[in-house]
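Asks: Quick one: this structure, given as structure tokens, is what I'll be asking you about.
Protein chains: 2
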Amino acid sequence: MAVEGGRRRERRDAVESRRKVLGAARRLFEERGVDAVSMHEIGRAAGVGQGTLYRRFEHKGALCSALLQEEIEGFEEEARRRVGSRGSALGRLKWFLGRLARFNDENAALLGAVRDAAGGERRIETHRNPFYEGLRENVAELLWEALEEGEIPEELDIECMTDTLLAALGIDLYLYQRRELKMSRERIVDSLRSLLEALRVRG
Amino acid sequence: MAVEGGRRRERRDAVESRRKVLGAARRLFEERGVDAVSMHEIGRAAGVGQGTLYRRFEHKGALCSALLQEEIEGFEEEARRRVGSRGSALGRLKWFLGRLARFNDENAALLGAVRDAAGGERRIETHRNPFYEGLRENVAELLWEALEEGEIPEELDIECMTDTLLAALGIDLYLYQRRELKMSRERIVDSLRSLLEALRVRG
DNA sequence: ACTGGAAATGGACATATGTCCATTTGAATA
DNA sequence: TATTCAAATGGACATATGTCCATTTCCAGT
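Protein chains in written order, with my numbering: chain A, 339 to 541; chain B, 339 to 541.
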């Protein structure tokens, strides 16, 4: 039988349920905002039972992640091209941070919902998921490159610094700065860029 | 009548309910962990109704904040003394970050619960609360001092950098680094200290 | 001491998430 | 085509949070 990744492919009815749920969720979220729509309501609108809904998507965060998937793939594709290009590693990192900030702005509602769903037992999922791990890999690689090329000092702890940079653009802080402190995206990104610039080892 | 802060003091029965709830919560949290205890259960153990419970504490996060209050006051008192002392501002900031990391370790369970409760409409409360605002004030003041004394470069955006440093010690990332990545507190703190050191303007 | 009325109270209720399980369905194999 | 059984399904159920409101209690002013 046709398989994928070593395990049986989804059955046709499962695929169909998934499609119906994603469609209903997209429409309801659009109409009334992510927070105002309940899982039961999504199930009802999609014409599937709760069992089906939760079998396809473990929880609301997982459903929102699935809705983000297309955007994420676009982001990752673009990042792969730019991050892998030539030129100063520090320069590429600066670009990456700007692009990530834009991603935040463009997907604030879903990112916020994904975050909200990651509490209690699921707290770890904020960081242990393919998207965060991808971000981490990109940033860490650029920092290592910058270090090898002598752009930044040897003493820095690259792994920790990677998480620090990403935390500075975490959706919670980002939305607080944007909406509560009324900071512009430019300002937030520039602050990180000047931080990196201030680290630069001068010949 | 005796007032405080311009509004009527809490009635005796209200004070008593608050005391009973906090006592019951402390005991239950101790016995079975914060996540495993429900609000209704706390009300029952405290011998008060749901109306009373929720009138005293808007939600579980607020209850946990109240339980943290004593620890927070100790932290803030110590911080006031050390932050206001003489010596290099950068040095005092390094101390502050280490102390905050210790605070995280010592209060991980309650801090985590406070965070979990801040979702959806309450997302903003993660940053708009007296504790975070206090941290922010301390770090920003130290950074401004460091800048005025020429320890760090003029180009840095102090307000943004304050949030970045605090995000690096936010409870989510902190617990991920400690528990998932198995980093020691020392390593996490040192990474931030060397970041600050790398910014230092050399004579 | 008495009293007016704001604050406090308890528990039913409304709403949300997420689980369970008896039944049905689909696709790989005979 | 017939058989088989893991996967999928729906909706009742269990459990959680948080609101509502009729009733009671406290206390400041008289």
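For glycine and all other residues, C-beta sits at the position ideal for the given N, C-alpha and C.
1) Does the distance from the C-beta atom of G450/B to that of R461/A stay below 8 Å?
2) Is E348/A buried or exposed, if buried means 16 or more other CB atoms sit within 10 Å of its CB?
3) Would you mind stating whether A446/A and I509/A have Cβ atoms separated by less than 8 Å?
4) Starting from the C-beta of L279/A, find all residues in its chain whose C-beta is less than 8 Å away, skip the five residues before and the five after it, and write them out in chain order.
5) Please report the straight-line C-alpha distance between I410/A and Y470/A, rounded to a whole angstrom.
6) Mind checking if H378/A is an interface residue toward chain B, Cβ cutoff 8 Å exclusive?
7) Pick out the complete alpha helix (DSSP H) segments inside the segment 446-476 of chain A, 4 residues or longer, and give them in chain order.
8) Measure the alpha-carbon distance for L406/A versus A363/A and round it to whole angstroms.
9) Where does G399/A land, buried or exposed, given buried means 16+ other C-beta within 10 angstroms?
10) For G458/A, return the contacting residues in chain B, with the cut-off set at a CB-CB distance below 7 Å.
11) Would you report the Cα separation of R302/A and R430/A, rounded to the nearest angstrom?
12) Tell whether a beta-carbon distance below 8 Å holds between L504/B and R474/B.
13) Answer yes or no: do G458/A and D454/B have a C-beta to C-beta separation smaller than 8 Å?
14) Apart from the five residues on each side of it in sequence, which residues of its chain come closer than 7 Å, Cβ to Cβ, to L533/A?
15) If you measure from the beta carbon of G472/A to each beta carbon in chain B, is any gap under 8 Å?
16) I'd like to know if Y514/B contacts chain A, where contact means its C-beta is closer than 8 Å to some C-beta of that chain.
17) Return yes when the Cβ of F434/A is within less than 8 Å of the Cβ of N476/A, no when it is not.
18) May I ask you to report which of helix, strand or coil DSSP gives M521/B?
19) With H, G and I counted as helix, E and B as strand and the rest as coil, what does DSSP make of S403/B?
20) Please report the straight-line C-alpha distance between T502/B and I496/A, rounded to a whole angstrom.
21) Less than 8 Å between the C-beta atoms of R394/A and S355/A, yes or no?
22) Is there a Cβ of chain A sitting closer than 8 Å to that of A447/B, yes or no?
23) Kindly indicate which residue of A417/A, D351/A, A439/A and R365/A has the alpha-carbon position closest to the one of D528/A.
24) Ordered along the chain, which non-local residues of its own chain (more than five positions away) have a Cβ less than 7 Å from that of A456/A?
25) For the segment 479-508 of chain A, which segments carrying the alpha helix (DSSP H) assignment without a break, of at least 4 residues, lie completely within its bounds, in sequence order?
26) When Cβ atoms are compared, which residues of the segment 492-505 of chain B fall closer than 7 Å to chain A?
27) Is the Cβ of E518/A closer than 8 Å to any Cβ of chain B?
28) Ordered along the chain, which non-local residues of its own chain (more than five positions away) have a Cβ less than 7 Å from that of E342/B?
Replies: Considering the structure as presented:
1) If you check the CB distance, G450/B and R461/A come in under 8 Å.
2) Per the 10 Å Cβ criterion, exposed.
3) Taking 8 Å as the Cβ cut-off, A446/A and I509/A qualify as a contacting pair.
4) No information on residue 279/A is available, as it lies outside the stretch 339 to 541 that chain A covers here.
5) Cα to Cα, the separation comes out at about 11 Å.
6) It does not; no Cβ of chain B falls within 8 Å.
7) As far as the segment 446-476 of chain A is concerned, its whole alpha helix (DSSP H) runs of at least 4 residues are 446-455.
8) Between the alpha carbons of L406/A and A363/A lies a distance of about 12 Å.
9) Result: buried.
10) Here the neighbours are D373 and D454.
11) Nothing about residue 302/A can be reported from this structure: the residues present for chain A run from 339 to 541 only.
12) Going by beta carbons, L504/B and R474/B fall inside the 8 Å limit.
13) Taking a C-beta distance under 8 Å as the contact criterion, G458/A and D454/B qualify as a contact pair.
14) Cβ neighbours of L533/A beyond the five flanking positions: none.
15) For G472/A, the answer is no, since every Cβ of chain B falls outside 8 Å of its Cβ.
16) It does: the Cβ of Y514/B has a partner Cβ on chain A nearer than 8 Å.
17) Cβ distance < 8 Å, so N476/A and F434/A count as in contact.
18) Correct three-state label for M521/B: coil.
19) Correct three-state label for S403/B: helix.
20) Our two residues, T502/B and I496/A, have alpha carbons roughly 16 Å apart in a direct line.
21) Result yes, Cβ atoms of R394/A and S355/A sit closer than 8 Å.
22) At a cut-off of 8 Å between C-beta atoms, A447/B does not count as an interface residue with respect to chain A.
23) It is A439/A whose Cα lies nearest to the Cα of D528/A.
24) Closer than 7 Å at Cβ, skipping near neighbours: G399, E463 and T464.
25) Runs of alpha helix (DSSP H) with 4 or more residues, each lying fully within the segment 479-508 of chain A, are found at 496-506, listed in chain order.
26) Contact annotation: in the segment 492-505 of chain B, residues whose CB is within less than 7 Å of a CB in chain A are E493, L494, D495, C498, M499, D501, T502 and A505.
27) So, interface residue.
28) Per-residue confidence for E342/B stands at a pLDDT of 44, beneath the threshold of 50, marking its modelled position as unreliable; the derived number appears in the next sentence. If you ignore the 5 residues before and after E342/B, its C-beta comes within less than 7 Å of no other C-beta in its own chain.
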